[in-house]
Amino acid sequence: MPNDEVPGPEDPIRVSELAEFVYCRRAWWLKMVQKKPSDAEAREAQAQGEMWHKEQGEQLARTDALTGGAYAALLIALLLLVLFVWSFLK
360 MPNDEVPGPE DPIRVSELAE FVYCRRAWWL KMVQKKPSDA EAREAQAQGE
410 MWHKEQGEQL ARTDALTGGA YAALLIALLL LVLFVWSFLK
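Residue numbers (the working numbering): 360 to 449.
Right, here's the structure in full:
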(Lines of atoms letter the chains of each structure in order from A; the text may use other names.)
(Lines give C-alpha, C1' and ligand atoms only; values in the text may rest on other atoms or scores of the structure.)
Protein backbone atom coordinates (compact mmCIF):
# COMPACT_ATOMS: atom_id res chain seq x y z
CA MET A 360 0.00 0.00 0.00
CA PRO A 361 1.60 3.31 -1.04
CA ASN A 362 2.38 5.78 1.69
CA ASP A 363 0.10 8.49 0.26
CA GLU A 364 -2.99 6.29 0.86
CA VAL A 365 -2.32 5.84 4.58
CA PRO A 366 -3.97 8.58 6.65
CA GLY A 367 -1.52 10.37 8.85
CA PRO A 368 -1.43 13.46 11.05
CA GLU A 369 -1.52 15.64 7.93
CA ASP A 370 -4.79 13.93 6.85
CA PRO A 371 -7.03 13.87 9.92
CA ILE A 372 -10.42 12.23 9.61
CA ARG A 373 -13.05 14.84 10.32
CA VAL A 374 -16.37 14.19 12.02
CA SER A 375 -18.18 15.63 9.01
CA GLU A 376 -16.48 13.01 6.82
CA LEU A 377 -17.62 10.25 9.17
CA ALA A 378 -21.15 11.65 9.16
CA GLU A 379 -21.15 11.81 5.37
CA PHE A 380 -19.90 8.20 5.19
CA VAL A 381 -22.57 6.98 7.61
CA TYR A 382 -25.29 8.90 5.75
CA CYS A 383 -24.34 7.73 2.25
CA ARG A 384 -21.29 5.59 1.65
CA ARG A 385 -21.61 6.00 -2.12
CA ALA A 386 -21.46 9.81 -1.97
CA TRP A 387 -18.49 9.63 0.38
CA TRP A 388 -16.71 7.17 -1.90
CA LEU A 389 -17.30 9.30 -4.99
CA LYS A 390 -16.04 12.40 -3.22
CA MET A 391 -13.10 11.01 -1.23
CA VAL A 392 -11.86 8.03 -3.25
CA GLN A 393 -12.83 8.79 -6.84
CA LYS A 394 -12.25 12.55 -6.37
CA LYS A 395 -15.30 13.35 -8.49
CA PRO A 396 -15.80 17.10 -8.96
CA SER A 397 -18.90 18.66 -7.51
CA ASP A 398 -20.38 20.23 -10.64
CA ALA A 399 -23.99 21.33 -11.13
CA GLU A 400 -25.04 17.92 -12.47
CA ALA A 401 -23.45 16.16 -9.51
CA ARG A 402 -25.13 18.56 -7.06
CA GLU A 403 -28.49 17.87 -8.72
CA ALA A 404 -27.92 14.12 -8.48
CA GLN A 405 -26.93 14.52 -4.84
CA ALA A 406 -30.06 16.58 -4.14
CA GLN A 407 -32.17 13.83 -5.73
CA GLY A 408 -30.33 11.23 -3.65
CA GLU A 409 -30.93 13.21 -0.46
CA MET A 410 -34.62 13.50 -1.34
CA TRP A 411 -34.75 9.74 -1.90
CA HIS A 412 -33.09 9.12 1.48
CA LYS A 413 -35.58 11.48 3.16
CA GLU A 414 -38.56 9.76 1.52
CA GLN A 415 -37.22 6.35 2.54
CA GLY A 416 -36.83 7.54 6.13
CA GLU A 417 -40.39 8.85 6.19
CA GLN A 418 -41.67 5.60 4.70
CA LEU A 419 -39.81 3.59 7.33
CA ALA A 420 -41.28 5.78 10.08
CA ARG A 421 -44.80 5.20 8.70
CA THR A 422 -44.12 1.47 8.44
CA ASP A 423 -42.93 1.36 12.05
CA ALA A 424 -46.07 3.19 13.18
CA LEU A 425 -48.34 0.87 11.20
CA THR A 426 -46.51 -2.19 12.51
CA GLY A 427 -46.99 -0.99 16.08
CA GLY A 428 -50.67 -0.40 15.40
CA ALA A 429 -51.03 -3.85 13.85
CA TYR A 430 -49.46 -5.48 16.91
CA ALA A 431 -51.79 -3.52 19.19
CA ALA A 432 -54.82 -4.59 17.13
CA LEU A 433 -53.65 -8.21 17.22
CA LEU A 434 -53.23 -8.08 20.99
CA ILE A 435 -56.72 -6.62 21.42
CA ALA A 436 -58.18 -9.29 19.12
CA LEU A 437 -56.46 -12.05 21.11
CA LEU A 438 -57.71 -10.61 24.39
CA LEU A 439 -61.25 -10.43 23.02
CA LEU A 440 -60.97 -14.03 21.81
CA VAL A 441 -59.79 -15.18 25.24
CA LEU A 442 -62.67 -13.31 26.92
CA PHE A 443 -65.15 -14.76 24.42
CA VAL A 444 -63.93 -18.34 24.97
CA TRP A 445 -63.75 -17.81 28.76
CA SER A 446 -67.36 -16.57 28.84
CA PHE A 447 -68.56 -19.81 27.19
CA LEU A 448 -66.55 -22.02 29.54
CA LYS A 449 -68.09 -20.49 32.67
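Every residue, glycine too, gets a C-beta built ideally from N, C-alpha and C.
Residue i and residue j look like a contact to me (Cβ under 8 Å); what is the Cβ gap, rounded to whole Å?
i, j, result
"W388", "E379", "Not really, about 10 Å apart at Cβ, beyond 8 Å."
"G416", "C383", "With a Cβ gap of about 12 Å, G416 and C383 do not count as contacting."
(request) Please list the segments of the alpha helix (DSSP H) lying wholly inside the segment 367-436, counting only runs of 4 or more residues, in order along the chain. (result) 374-382 and 384-391
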